[in-house]
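Before any comments, here is the structure.
What follows is the structure in structure tokens.
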């Protein structure tokens, strides 16, 4: 209770884990990095003191950060670096300096697209369908396995392994030849990792699942 804040990352892109429920912190404000699952979960904004998210996962191009901050947490005193002064940024409607107009414009288009789909509930349902398809394929497989406990699994970043590093490498090489990019897991984890951000379609997950099944049949 004496802490200034509690910081969490709601979705771990490397490990493929996510907070399903937000920790209880009492009167300590929760500061959350939501870069990889903002707009893809139904977290309650009022449960947080600060939410920040780089746009490059689910909002738009790199170079833009969205910050949602409780007004009572705005700093009282000036900060040495004006660009990091939330009070100053809020007072100037985020226009204290020349903003990244292209990134903001693309973000606007994404927000409009999301609204047309039906908002967070609609995109969350799509994300659950995509993740379920991939997780069910992994669970039904005699080759692939998930290194993440069921109650901690991310909807957005889904790692899986064969249990054989050489076979993992072969999978990644053949996946690239088949047109699948960036499936190689992070160097600290290995294996494979599918990133199912909002813009990635269900048809893409189905294509990946089909490839996984054909690869498994090939190496039996």
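Residue numbers (our numbering): -16 to 203.
For glycine and all other residues, C-beta sits at the position ideal for the given N, C-alpha and C.
This one's a predicted model, so the numbers in the text were calculated from it and none came from an experiment.
The beta carbons of residue 181 and residue 41 sit closer together than 8 Å. For residue 187, the uninterrupted alpha helix (DSSP H) run begins and ends at 185 to 202, by DSSP.
DSSP places residue 16 in the strand class (E or B) of the three-state scheme. Excluding five sequence positions before and after residue -6, the CB atoms of its chain that fall closer than 6 Å to its own CB belong to 1, 19, 20, 137 and 139, given in chain order. Under the three-state reduction of DSSP output, residue 5 falls in the coil class, being neither helix nor strand. With fewer than 16 other beta carbons inside 10 angstroms of its own, residue 101 counts as exposed. Nearest to residue 57 by C-alpha distance, out of 132, 107, 32 and 47, is 32. Note on the stretch 42 to 109: whole alpha helix (DSSP H) runs with a minimum of 4 residues are 69 to 74 and 84 to 100, in chain order. Scanning 194, -11, 95 and -15 for the CA closest to the CA of residue 22 turns up 95.
Taking 8 Å as the cut-off, the beta carbon of residue 149 is found no closer than this to the beta carbon of residue 90. Membership of residue 159 in the alpha helix (DSSP H) is indicated by the continuous run 148 to 160. Looking at the DSSP output, residue 0 sits in a beta bridge with -5 and 136. Here the C-alpha atom of residue 173 lies approximately 12 Å from the C-alpha atom of residue 165.
Taking C-beta separations shorter than 7 Å and ignoring five residues to either side along the sequence, the partners of residue 163 in its chain run 191 and 194, following chain order. The C-beta of residue 24 has 16 or more other C-beta atoms within 10 Å across all chains shown, which makes the residue buried.
Per the C-alpha coordinates, the member of 151, 198, 14 and 184 positioned closest to residue 106 is 184. Beyond the five residues adjoining it in sequence on each side, residue 157 comes within less than 7 Å, by CB distance, of 198 in the same chain, given in chain order. Under DSSP, residue 170 shares a beta bridge with no residue.
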